[in-house]
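Chains A and B, in that order, give the protein sequences.
Going by my numbering, the first sequence opens with residue 1, and the numbers climb by one from there.
Going by my numbering, the second sequence opens with residue 238, and the numbers climb by one from there.
Every residue gets a Cβ at the ideal spot worked out from N, C-alpha and C, and that includes glycine.
Worksheet for the structure shown next.
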Amino acid sequence: MRIDDQLHIDTPEGARLSLSLAGPLPRALAYGIDLALRGLVLLVLSIPLMLFGGHGYGLYLLLMFLLEWFYPVFFEMLWQGRTPGKRAVKLAVVHGNGAPLTFNGSLVRNLLRTADLFPICYLTGFVVMLISPRQQRLGDLAADTLVIHLPAPPATRVREAGAGEAPDWPLDREDQLVLLAFSERAPALSEQRQQELARLAYPEQPAPAALEKLRRVARHVLGGADPARESDQGAAR
Amino acid sequence: MRQSQFEQRYRPLWERLEATLKTLEKTRRPGSAAADFAGDYQSLCHQLALARERGYSLALQDYLNDLMLRAHRQLYRHRTPLLPRLAAFFAAGFPRAVRRQWRWHLISSAAFVLSALLVWALIQYDPELVHTVVGPDQVADLEEMYHPDLRDTGARDRADDVMMFGYYIYNNIGIAFRTFAGGLLLGVGALLAMLFNGSFFGAAAAHLSLAGASQPFFTFVIAHGAPELTAICLAGGAGLRLGWAVLAPGSWGRVDAIRRAARECLPVMYGVFFLLVTAAFIEAFWSSRELDPQIKYTVGAVCWALVLLYLLLGGRAAAPPKGSGHGSE
């Protein structure tokens, strides 16, 4: 069994969706940013409101109420599960089945925040989050919501051209994944580390030659220059 | 089929889907831009499954997975119109939701009323006991607000009304929300909040009536008390319902029981919010008017009758259609 923070959901279309759950630390960071932002808005708006005496103070209290209870709900609805803090830390709130957050869900998780706050500094919420298999605080449990890491936009990959070479052993799926992962991650590794890895595949060869061979095999698996051998007609439909 | 051929073949489709998603994420009414969306999404699901089965690189799998996640979020987004739902909620959903859990609201109201009566009786017996419930500053505030000799009636103007409106919203709705959330802590938070609010109310009433200020006090609170006290009791009841789901989930899993309770309580909390906003309006702009006590008692009685009749009878006339029990969903 793999222990990681991935949650796998099977959608009605029969595909499997992987979400990566956000733990207490990034969530606390997002909360801190939101808290600072709320304080800042209150501070900035309180200065002109002070000029209006009783009216101003009434509006100030209204503003305080809205910021305390509806700031997260408002932004989670506006930006699809993201408050400005979550946006900065690249988090988002979704429902337990991966569906986007609804108004009711957002309201429940934010109304019940008080229970998570108890007694101080989100202690209850923190403990519940550690116990919960899906890193949910009490409000999340009641609303059936998750906080997930939003995937970073993929970096564009540059493929090096060159001839491929068929591997000299029967390739199974695991091997193929390893070779493809190597070809994708190699640019981020130093030449020496790549040679080290290549020596694992071809211990009988000197390092530079082993690396060269490994690269050619990886290119072959990726299939850049080779003509197609299998047909994909059945799959494309 | 090798990975690069696979990518080459389907890249245009993925790019088109990405463009559609960009539009969908920006606008609420995408129009014709989303015509191919559902079909593209389905073939994307298919290609992701292929990529995983054939062991294409993790980067490609991640890319397709992320694309599918985005598309999934758009496909299952709810876009129901708000106004008809609001109308149905006020016509029937809210009172029905309250009546569905009437036992909890009864317990919460009983906690409030009994603690108020108890404290009232104790203070009649020994007036000094008021200081055990209400702090010295608050006693002074109360006397200043209601005592005929101490308060200056002419000074209150429109600006004060607006200020107090803001205060009532901030304070009362905050209390109601916290009472509800406190219920999640095994119901203890909600129960304590009800007992404390009841005691405070009893103490204030007893102290002011002993000080000879019962008329200003009751003419002030009677009208807005109807929505306000009702709303606090409802919030307490909803909180107790949540707490009971934690304590005794019955045949449900504990988390599922909490989830169900929260879903049932949510319409009540929408109603509490609405009642407290109404109460803040009445309290700030009507209760503070100096009028003949007769008028204020009459209006107050009408308010109580309206609130109670609404909660008891609202939504009864039309039998709820089967399967649409939750008014606000």
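Does any CB atom of chain B fall closer than 7 Å to the CB of residue i?
i	result
residue 142 of chain A	yes
residue 145 of chain A	no
residue 223 of chain A	yes
residue 83 of chain A	no
residue 55 of chain A	yes
residue 64 of chain A	yes
residue 111 of chain A	yes
residue 207 of chain A	no
residue 115 of chain A	yes
residue 163 of chain A	no
residue 61 of chain A	yes
residue 173 of chain A	yes
residue 170 of chain A	no
Among the options, which has the Cα closest to the Cα of residue i?
i	options	result
residue 440 of chain B	B:397, B:415, B:469, B:370	B:370
residue 90 of chain A	A:22, A:133, A:105	A:22
residue 339 of chain B	B:474, B:449, B:417, B:525	B:474
residue 468 of chain B	B:547, B:510, B:489	B:510
residue 257 of chain B	B:376, B:305, B:544, B:448	B:305
residue 112 of chain A	A:58, A:184, A:144	A:144
residue 536 of chain B	B:295, B:372, B:413, B:458	B:458
residue 239 of chain A	A:205, A:166, A:204	Nothing in the structure corresponds to residue 239 of chain A, since chain A is present only between 1 and 237.
residue 516 of chain B	B:466, B:489, B:547, B:416	B:466
residue 217 of chain A	A:206, A:204, A:198, A:207	A:198
residue 261 of chain B	A:40, A:16, A:80, A:38	A:80
residue 503 of chain B	A:149, A:173, A:142, A:208	A:142
Is residue i helix, strand or coil by DSSP?
i	result
residue 289 of chain B	helix
residue 371 of chain B	coil
residue 145 of chain A	strand
residue 10 of chain A	strand
residue 16 of chain A	strand
residue 384 of chain B	coil
residue 530 of chain B	helix
residue 329 of chain B	helix
residue 423 of chain B	coil
residue 166 of chain A	coil
residue 453 of chain B	helix
residue 484 of chain B	helix
residue 21 of chain A	strand
residue 208 of chain A	helix
residue 101 of chain A	coil
residue 150 of chain A	coil
residue 353 of chain B	helix
residue 443 of chain B	helix
residue 92 of chain A	strand
residue 274 of chain B	helix
residue 75 of chain A	helix
Give me the chain A residues within the contact set of residue i, using Cβ-Cβ distance strictly less than 7 Å, ordered along the chain.
i	result
residue 402 of chain B	58
residue 313 of chain B	99, 100
residue 399 of chain B	54, 55, 58
Quick one: list the residues of chain B neighbouring residue i, beta-carbon separation under 8 Å, in chain order.
i	result
residue 13 of chain A	278, 279, 282
residue 187 of chain A	Those within 8 Å of residue 187 of chain A in chain B number zero; the least Cβ separation is about 12 Å.
Against residue i, what residues of chain B qualify as contacts under a CB-to-CB distance less than 9 Å, listed in chain order?
i	result
residue 289 of chain A	Absent from the model: residue 289 of chain A. The displayed extent of chain A is 1 to 237, so no value can be given.
residue 216 of chain A	Those within 9 Å of residue 216 of chain A in chain B number zero; the least Cβ separation is about 15 Å.
residue 74 of chain A	Those within 9 Å of residue 74 of chain A in chain B number zero; the least Cβ separation is about 15 Å.
Are the C-beta atoms of residue i and some chain A residue less than 7 Å apart?
i	result
residue 342 of chain B	no
residue 286 of chain B	yes
residue 361 of chain B	no
residue 240 of chain B	yes
residue 414 of chain B	yes
residue 418 of chain B	yes
residue 444 of chain B	no
residue 368 of chain B	no
residue 476 of chain B	no
residue 250 of chain B	no
residue 306 of chain B	yes
Kindly list, in the order they appear in chain B, the residues whose Cβ is closer than 7 Å to that of residue i.
i	result
residue 18 of chain A	302
residue 176 of chain A	292
residue 138 of chain A	421
Using a cut-off of 8 Å between C-beta atoms, extract the partners of residue i located in chain A.
i	result
residue 499 of chain B	108, 112, 142, 143
residue 295 of chain B	177, 180, 181, 184
residue 411 of chain B	65, 68, 69
Tell me whether the region 344-363 of chain B and the region 429-440 of chain B touch, counting them as touching only if at least three CB pairs, one residue from each stretch, are closer than 8 Å. yes
Taking 8 Å as the threshold, find out whether the region 397-408 of chain B comes into contact with the region 316-328 of chain B through three or more Cβ pairs. no
For the region 278-285 of chain B and the region 124-133 of chain A, state whether three or more C-beta atom pairs, one from each stretch, are separated by less than 8 Å. no
Below 8 Å, how does it come out for the region 409-419 of chain B and the region 58-70 of chain A: are there three or more Cβ pairs, yes or no? yes
Cβ contact check for the region 7-20 of chain A and the region 294-310 of chain B: 3 or more pairs under 8 Å: yes
For the structure I just gave you, are there three or more beta carbon pairs, one from the region 474-489 of chain B and one from the region 330-349 of chain B, closer than 8 Å? yes
Count the CB pairs spanning the region 479-494 of chain B and the region 85-102 of chain A that are closer than 8 Å, and state whether there are at least three. no
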